[in-house]
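So in our numbering, spot 145 of the sequence shown is number 145, and the numbers just go up one at a time.
We put the CB at the ideal spot given by N, CA and C, even for glycine.
Note that the coordinates shown come from a computational prediction; the quantities given were computed from them, not determined experimentally.
Note sheet for the following structure.
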Amino acid sequence: MTEINFHPGDKVMSGLEVAKNGGYFVVGLLIFEGMFYAMYLEGEEIPALLCGIPLGLIMVAIASQCVMHFLGLGKMVMNEGTMVFRTPRSGKKKGKGILAPLERIILAPMSRAIMRDMDKDGDGMISFDEMLEQMARESKEEIMEMQELFEKHDKDGDGFLTLEELEGLIRESGDETWAEKEGNWWSDEVN
1 MTEINFHPGD KVMSGLEVAK NGGYFVVGLL IFEGMFYAMY LEGEEIPALL CGIPLGLIMV
61 AIASQCVMHF LGLGKMVMNE GTMVFRTPRS GKKKGKGILA PLERIILAPM SRAIMRDMDK
121 DGDGMISFDE MLEQMARESK EEIMEMQELF EKHDKDGDGF LTLEELEGLI RESGDETWAE
181 KEGNWWSDEV N
């Protein structure tokens, strides 16, 4: 089997952990499936169809991932309290997707609007200071994370982002870097 790309927070689960945690999910879902099947037998078809079938499909997906773990087709990992099935193809770019044209339609106008708002001196590029003006209430840690992201996308290292570099930053900012975590200024736990 080829190498699996694990994420930084991944903890590979043993077979016993997979059986135990997967079993809990399957048994829990089976209880609800039984309740919806009982409703179906009593003549209530709508809840059985709207809830029972999706739960059954979720149960099949979890069970099949556990089986694939045991067959060696991938590894079940625990990441931030969530069971995730990783395969050699996990996290790899698969080329242009079917939604690539939609991404261009949305990303280009969004990038131009952000460029208009942030580019105070009108030179067609955003400096890190101009970006910070928009983020006045950031903490030191968030500023450092933002600076790392900024420097990563500042390909020529001149301290400015071109429109293409800004699009790359926006595209990447949809990942866990911006996920809601306790202590972030936009998190509900703080407000």
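**OP:** Go ahead and label F70 buried or exposed: buried means 16 or more other beta carbons lie within 10 angstroms of its beta carbon, across all protein chains shown.
**Re:** Exposed.
Original post:
Is A48 buried or exposed, if buried means 16 or more other CB atoms sit within 10 Å of its CB?
Top reply: Note on A48: 16 or more other CB atoms within 10 angstroms of its CB, so buried under the neighbour-count rule.
**OP:** Note down the Cα distance separating G34 from A100, rounded to an integer number of angstroms.
**Re:** Their Cα atoms are separated by approximately 42 Å.
Subject >> Inter-residue spacing [alpha-carbon to alpha-carbon] between F160 and E3 >> reply: The alpha-carbon atoms of F160 and E3 are separated by roughly 37 Å.
Original post:
In angstroms, rounded to a whole number, what distance separates the CA positions of M131 and K120?
Top reply: M131 and K120: Cα-Cα distance of roughly 10 Å.
Original post:
The beta strand (DSSP E) spanning F85 covers which residue range?
Top reply: Element bounds for F85: 82 to 86.
**OP:** Give the secondary structure of K11 by DSSP, where H, G and I count as helix, E and B as strand, and everything else as coil.
**Re:** Strand, per DSSP.
Subject >> Selection from L149, R171, N5 that minimises the alpha carbon distance to E103 >> reply: Across the set L149, R171, N5, the C-alpha of R171 shows the shortest separation from the C-alpha of E103.
**OP:** Could you check what DSSP says for V190 in three-state terms: helix, strand or coil?
**Re:** For V190, the predicted structure reports a pLDDT of 47, less than 50, and the residue's modelled location is therefore unreliable. The matter cannot be settled from this model.
Original post:
DSSP on L73, reduced to helix/strand/coil?
Top reply: Note: L73 maps to coil in three-state DSSP.
Original post:
What residues in its chain sit with their C-beta under 6 Å from that of F32, if we drop five residues either side in the sequence?
Top reply: When the five nearest sequence neighbours on each side are left out, the beta carbons in the same chain lying within less than 6 Å of the beta carbon of F32 are those of L55, in order along the chain.
**OP:** Give the single residue among M59, I143, G72 whose Cα lies nearest to the Cα of G15.
**Re:** Proximity to G15 across M59, I143, G72 peaks at G72, based on C-alpha coordinates.
**OP:** Tell me S127's beta-bridge partners as DSSP assigns them.
**Re:** F160, per the DSSP bridge assignment.
Original post:
Would S173 be called buried (16 or more neighbouring beta carbons within 10 Å of its own) or exposed?
Top reply: Per the 10 Å Cβ criterion, exposed.
Original post:
Which one of V12, L163, T162, Q147 has the shortest CA to CA distance from N79?
Top reply: Among V12, L163, T162, Q147, the Cα nearest to that of N79 belongs to V12.
**OP:** Would you check if the distance between the CB atom of L169 and the CB atom of H153 is smaller than 7 Å?
**Re:** Yes, these two residues count as a Cβ contact at 7 Å.
Original post:
Residues bridged to M78 by DSSP?
Top reply: The secondary-structure analysis by DSSP pairs M78 across a beta bridge with K11, M83.
Original post:
Helix, strand or coil: how does DSSP classify M146 here?
Top reply: Correct three-state label for M146: helix.
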